[in-house]
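If you read the sequences in order, they're chains A and B. Using numbering that gives the first Met the number 0, read the first sequence as starting at 0 and increasing by one per residue. Using numbering that gives the first Met the number 0, read the second sequence as starting at 0 and increasing by one per residue. All C-beta atoms in this analysis are idealised placements derived from N, C-alpha and C, irrespective of residue type, glycine included. This report concerns only the one structure given below.
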Amino acid sequence: MIEIEGLTKRFGTVAAVSGLSLKVGKGEVLGFLGPNGAGKSTTMKMVTGYLTPTEGRIRVCGHDVETSTIGAQAAIGYLPEGAPAYGDMTARQFLTFIAEVRGFFGAEAKARVATAVEKTELAPVLDQTIETLSKGFKRRVGLAQAILHDPPVLIMDEPTDGLDPNQKHSVRTLIRNMAAQKAIIVSTHLLEEVEAICTRAVIIDRGTIVADGTPSQLLARSRYHNAVTLALPDHEVAAAEKGLKALAAVAGIEKNSSDDNIIRLTIFPKSGALLIEAVGAMAIKENWTVKEMYAEPGRLDEVFRAITTRDTDRVKAARA
Amino acid sequence: MKYVWPIFKREFTAYFATPLAYVFIVIFLFAMGAFTFYVGHFYDNGIADLSVFFGFHPWLYLFLVPAISMRLWAEERRNGTMELLLTLPIPVWASVVGKHLAAWAFTGIALLLTFPIWLTVNFLGQPDNGVILASYVGSFLMAGGYLAIGSCISATTNNQVIAFVVSVVACFLFTVSGAPMVLDFFHAWAPLPLIDAISSFSFLTHFTSITAGVIDLRDVVFFVSLIALFLATNVVIVDLKKSA
């Protein structure tokens, strides 16, 4: 439903986005990740028709954003960064305005507003002016505005930024419930959000895509993927370490001490190997006093850092 | 029209959602009264007409209209709502026209609220109400012209103060371009057609000819096409900023 081809945006000589291509289909929730200034927001601004690309083209539901802007914009629900809204209006007035701009009048406008309000749980503040609302409610007004016309394409720039854990949870539930019918792009800094709601994660750095896959594919890139953490009393550690190192699938062991004379060993597998069973078997055989033992799925933040900083280092090297 | 209406409605109600509308109207009426009665010596003239009153309109608009127009686009840019507005499925021209019409309707209300002075002059004598009506129409058209200039300038910046100051200067130039002070500067070297062209851009010239009591089509065309020109430029500026 969203097709981006060779998208480039230059501000003066600085390329904020360069040669980005991406397709998002129905039923996908794409998590858009990247360090600050990587070009996430700029890309979203171009997809929604707020900025004109320097090069490349974008199609949304068959409408070329540059030549058929209105058609594309009608198919998009957009929550811009910071959820801007007219502060002097009440939430109800604002949503009614959005409904009218989107071509709903009278009873239909009312019904649309009511549905959006219900989904975003805005009812208690509906008649307060937006400037007096808390950050969480403001964000939800922005969200209500974006989903009011039940768009096939939903683009949200940091939708849960500034929300408390309960609100985050309800927004994520909302997104998950809509996911099957729509193509959704969500930019975020919260990696747990990607695991919670996204079917696909794209990491961009300095305007280009550096990783693209399902969250579990990205997790598989983590050094911690399938690593086993084992907590033992410190007098058993030396023997355990020796025994574990002898296992064929073990690539390395890291030690972290904690309180109460317990030491955590993180055992890293050689690529692709499954360790937990072998470690478990050994623990039983050697009769270790196991305090904790678990396999890690991988750490997304570590993958994120590895991908985006490795890239920076590469550029530094190239410049030198 | 279906695009313009929601924008118009939002903008128009926005004036009354804040103290802006009331402050503006009070100051507008107060200034009109003060100039007419104290500076213009309305009573001392002993003539039952409103020429003194209307004579001050261009000069009051010069400061009061930019105060309205300065926020039209600069505020949207500053608050980030520009991004919201431009990603809604409405053409840019509809936003431009809707905003301008709302501001224009608002100044129209302020202008209508000067009706006590019309009552006064009718109470005191027998003025030519045709001339007064024509003058009101002319004043309204002129306000539309100033608003279009101000709106266009507001679109170039996110700073309302800059928008205000630049608009005042631009409106001043359009007001006085027919005055000897300006024309003398060109007389020495410019060819006559150019001087005529410059002087024909003067709001003062066109407004004065309307307040004489004749709504000449040429004067109406002047204001309407000037508004159209500046609003078209406004659209272009908003579009250009998208690709900046």
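Inset, instruction - Quickly, what does DSSP pair GLU253 of chain A with across the bridge? List them, please. - result: A:THR265
Legend entry - Alpha carbon of PRO52 of chain A to alpha carbon of THR12 of chain A, nearest angstrom: 14 Å
Legend entry - Exposed unless 16 or more other CB atoms sit within 10 angstroms - verdict on GLU191 of chain A: exposed
Inset, instruction - Tell me the start and end of each unbroken alpha helix (DSSP H) in the stretch 5 to 85 of chain B that is at least 4 residues and wholly inside, in chain order. - result: 19 to 33, 41 to 44, 50 to 54, 56 to 68 and 70 to 78
Legend entry - Spatial distance of PHE303 of chain A from ILE202 of chain A (CA atoms): 8 Å
Legend entry - Other residues of its chain near GLY24 of chain A: CB distance less than 7 Å, five sequence neighbours each side excluded: MET0 and ALA182
Inset, instruction - Name the two residues that bound the continuous beta strand (DSSP E) containing ARG56 of chain A. - result: 54 to 59
Inset, instruction - Compile a chain-ordered list of the residues in the stretch 160 to 184 of chain A whose CB is closer than 7 Å to at least one CB of chain B. - result: none
Legend entry - For ASP204 of chain A, the residue or residues it bridges with in DSSP: A:THR207
Inset, instruction - Note down the Cα distance separating SER199 of chain B from HIS188 of chain A, rounded to an integer number of angstroms. - result: 59 Å
Inset, instruction - Determine the chain A residues that contact SER242 of chain B at a beta-carbon separation under 9 Å, and present them in chain order. - result: LEU50, THR51, PRO52 and THR53
Inset, instruction - Please name the residue, chosen from A:ALA179, A:ALA238 and A:GLY212, that lies closest to LYS22 of chain A on a Cα-to-Cα basis. - result: A:GLY212
Inset, instruction - Sort out for me which residues DSSP pairs ALA14 of chain A with in a bridge. - result: A:ARG9
Inset, instruction - Determine the contact status of TYR223 of chain A and GLU295 of chain A, defining contact as a CB-CB distance below 8 Å. - result: yes
Legend entry - Distance between beta carbons of PHE11 of chain B and ALA104 of chain B, contact taken as under 8 Å: 6 Å
Inset, instruction - Give a yes or no on whether the minimum CB-CB distance between ILE89 of chain B and chain A is below 8 Å. - result: yes
Inset, instruction - Establish whether the CB of LYS1 of chain B and some CB of chain C are separated by less than 8 Å. - result: No chain C is present in this structure, whose protein chains are A and B.
Inset, instruction - Give the interface partners of PRO5 of chain B over in chain A, defined as CB-CB distance under 8 Å, in chain order. - result: PHE96, GLU99 and VAL100
Inset, instruction - Rounded to whole angstroms, what's the CA-CA distance from PRO90 of chain B to HIS99 of chain B? Just pull it up for me. - result: 15 Å
Inset, instruction - List the DSSP bridge partners of ILE154 of chain A. - result: A:TYR77 and A:ILE184
Legend entry - Same chain, Cβ closer than 6 Å to ASN255 of chain A, neighbours up to 5 away in sequence not counted: ARG263
Legend entry - Cβ-based neighbour list, SER221 of chain A, same chain, cut-off 6 Å, excluding 5 preceding and 5 following: GLY297, ARG298, GLU301 and VAL302
Inset, instruction - Pull up the DSSP beta-bridge partners for LYS22 of chain A, would you. - result: A:GLU2
Inset, instruction - Closer than 8 Å by beta-carbon distance: list the chain B residues that pair up with PRO79 of chain A, in chain order. - result: GLY79, GLU82, LEU83 and THR86
Inset, instruction - For the alpha helix (DSSP H) containing MET0 of chain B, list its first residue and its last residue. - result: That residue, MET0 of chain B, is in no alpha helix (DSSP H); it is neither H nor E in DSSP.
Inset, instruction - Please classify TYR77 of chain A: is it buried, with 16 or more other beta-carbons within 10 angstroms of its beta-carbon, or exposed? - result: buried
Inset, instruction - Grab me the residues of LEU246 of chain A's own chain with a C-beta within less than 6 Å of its C-beta, minus the 5 sequence neighbours each way, in chain order. - result: ALA277
Inset, instruction - Whole angstroms is fine: what's the gap from LEU225 of chain B's alpha carbon to GLY144 of chain B's? - result: 6 Å
Inset, instruction - Taking THR159 of chain A and VAL170 of chain A to be in contact with their CB atoms under 8 Å, please state how far apart those CB atoms are, rounded to whole angstroms. - result: 5 Å
Inset, instruction - Determine, using beta-carbon pairs with one atom in the stretch 35 to 49 of chain A and one in the stretch 118 to 131 of chain A, whether at least three such pairs fall under 8 Å. - result: no
Inset, instruction - Give me the Cα-Cα distance between THR106 of chain B and GLY161 of chain A, rounded to the nearest whole angstrom. - result: 40 Å
Legend entry - Within 8 Å, strictly: CB atoms of GLY97 of chain B and ILE6 of chain B: yes
Inset, instruction - Just the chain B side, please: which residues come within less than 7 Å of THR47 of chain A by C-beta, in chain order? - result: THR86
Inset, instruction - Look up ARG199 of chain A in the DSSP assignment and give the residues it is bridged to. - result: A:LEU29
Legend entry - Selection from B:ILE24, B:LEU191 and B:PHE202 that minimises the alpha carbon distance to ALA290 of chain B: Here chain B has residues from 0 to 243 only, and residue 290 of chain B is not among them.
Legend entry - Beta carbon proximity, MET88 of chain A to chain B, threshold 8 Å: yes
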